[in-house]
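In what follows, a single structure is set out as C-alpha coordinates and then discussed.
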Amino acid sequence: MLLSYLRSHLPLAPEEFVRAVAEQLSSDEQLSNIGKHLAVIGEQRAKVLVIDVIVPQLIDVDFADVFPLRQPLAVLTDLLVNEGAKEVEPRILRSKSVDRPSGAA
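Okay, so the sequence shown: first residue is 29 according to the working numbering, each after it adds one.
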(Lines of atoms letter the chains of each structure in order from A and count residues from 1; the text may use other names and numbers.)
(Lines give C-alpha, C1' and ligand atoms only; values in the text may rest on other atoms or scores of the structure.)
Protein backbone atom coordinates (compact mmCIF):
# COMPACT_ATOMS: atom_id res chain seq x y z
CA MET A 1 0.00 0.00 0.00
CA LEU A 2 2.83 2.40 0.83
CA LEU A 3 4.43 1.82 -2.58
CA SER A 4 1.13 2.54 -4.32
CA TYR A 5 0.67 5.72 -2.34
CA LEU A 6 4.19 6.95 -3.08
CA ARG A 7 3.91 6.05 -6.78
CA SER A 8 0.68 8.01 -7.12
CA HIS A 9 2.03 11.04 -5.25
CA LEU A 10 5.52 10.96 -6.80
CA PRO A 11 4.65 10.05 -10.40
CA LEU A 12 7.84 11.45 -11.91
CA ALA A 13 10.21 9.84 -9.41
CA PRO A 14 12.31 6.89 -10.58
CA GLU A 15 11.00 3.52 -9.37
CA GLU A 16 14.26 2.82 -7.52
CA PHE A 17 13.81 6.05 -5.57
CA VAL A 18 10.20 5.23 -4.66
CA ARG A 19 11.23 1.77 -3.44
CA ALA A 20 14.13 3.16 -1.38
CA VAL A 21 11.85 5.70 0.31
CA ALA A 22 9.20 3.05 1.01
CA GLU A 23 11.83 0.76 2.54
CA GLN A 24 13.05 3.58 4.77
CA LEU A 25 9.54 4.47 5.92
CA SER A 26 8.60 0.85 6.59
CA SER A 27 11.84 -0.16 8.27
CA ASP A 28 11.62 -2.12 11.51
CA GLU A 29 12.97 0.88 13.40
CA GLN A 30 10.30 3.24 12.04
CA LEU A 31 7.45 0.79 12.53
CA SER A 32 8.48 -0.24 16.04
CA ASN A 33 8.71 3.41 17.03
CA ILE A 34 5.20 4.05 15.74
CA GLY A 35 3.86 0.76 17.10
CA LYS A 36 4.92 1.69 20.64
CA HIS A 37 2.36 4.45 20.68
CA LEU A 38 -0.52 3.09 18.62
CA ALA A 39 -2.62 -0.05 18.47
CA VAL A 40 -3.67 -1.02 14.95
CA ILE A 41 -6.91 -2.96 14.60
CA GLY A 42 -8.08 -4.02 11.15
CA GLU A 43 -6.93 -3.35 7.62
CA GLN A 44 -8.75 -0.03 7.22
CA ARG A 45 -7.19 1.42 10.37
CA ALA A 46 -3.80 0.17 9.21
CA LYS A 47 -4.21 2.07 5.93
CA VAL A 48 -5.25 5.20 7.79
CA LEU A 49 -2.23 4.77 10.07
CA VAL A 50 0.13 4.57 7.11
CA ILE A 51 -1.33 7.66 5.44
CA ASP A 52 -1.73 9.75 8.59
CA VAL A 53 1.35 8.75 10.57
CA ILE A 54 3.99 7.07 8.43
CA VAL A 55 3.84 9.14 5.22
CA PRO A 56 4.25 12.49 7.05
CA GLN A 57 7.59 11.19 8.31
CA LEU A 58 8.88 11.85 4.79
CA ILE A 59 9.75 15.29 6.09
CA ASP A 60 12.51 13.74 8.22
CA VAL A 61 13.91 11.48 5.49
CA ASP A 62 17.22 12.61 4.01
CA PHE A 63 16.75 11.42 0.44
CA ALA A 64 20.47 11.71 -0.30
CA ASP A 65 21.11 9.05 2.37
CA VAL A 66 18.18 6.83 1.38
CA PHE A 67 18.86 6.90 -2.35
CA PRO A 68 22.32 8.23 -3.15
CA LEU A 69 22.75 9.03 -6.83
CA ARG A 70 26.03 7.84 -8.30
CA GLN A 71 25.51 9.93 -11.42
CA PRO A 72 22.99 12.69 -10.62
CA LEU A 73 23.37 14.39 -14.00
CA ALA A 74 22.57 11.15 -15.84
CA VAL A 75 19.44 10.64 -13.71
CA LEU A 76 18.34 14.23 -14.28
CA THR A 77 19.03 13.94 -18.01
CA ASP A 78 16.89 10.78 -18.23
CA LEU A 79 14.03 12.47 -16.37
CA LEU A 80 14.16 15.58 -18.56
CA VAL A 81 14.40 13.60 -21.81
CA ASN A 82 11.36 11.56 -20.72
CA GLU A 83 9.56 14.89 -20.22
CA GLY A 84 10.41 15.97 -23.77
CA ALA A 85 13.63 17.96 -23.32
CA LYS A 86 15.80 17.82 -26.42
CA GLU A 87 19.11 18.71 -24.80
CA VAL A 88 20.30 19.06 -21.22
CA GLU A 89 23.10 21.48 -20.48
CA PRO A 90 24.85 21.35 -17.10
CA ARG A 91 25.52 24.73 -15.54
CA ILE A 92 27.34 25.91 -12.47
CA LEU A 93 25.07 27.79 -10.10
CA ARG A 94 25.92 30.11 -7.24
CA SER A 95 29.51 30.55 -8.25
CA LYS A 96 31.52 33.71 -8.54
CA SER A 97 32.05 35.04 -12.05
CA VAL A 98 35.44 34.93 -13.69
CA ASP A 99 37.51 38.03 -12.98
CA ARG A 100 38.14 40.12 -16.08
CA PRO A 101 41.14 42.39 -16.57
CA SER A 102 40.42 46.11 -16.25
CA GLY A 103 38.88 47.59 -19.35
CA ALA A 104 37.76 44.26 -20.82
CA ALA A 105 34.16 44.14 -21.94
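We put the beta carbon where it would ideally sit given N, CA and C, even for glycine. These numbers come from a predicted model, not from an experiment.
- Counting only residues of its own chain and dropping the five nearest sequence neighbours on each side, Q99 has no CB closer than 6 Å to any other CB.
- Here P100 carries a helix assignment [DSSP, helix/strand/coil].
- If you draw a 10 Å sphere on the C-beta of Q52, you find 16 or more other C-beta atoms in it, and that means buried.
- Counting C-beta pairs closer than 8 Å gives three or more between the segment 84-95 and the segment 38-53, which meets the contact rule.
- A direct Cα-to-Cα measurement between I82 and E115 gives close to 38 Å.
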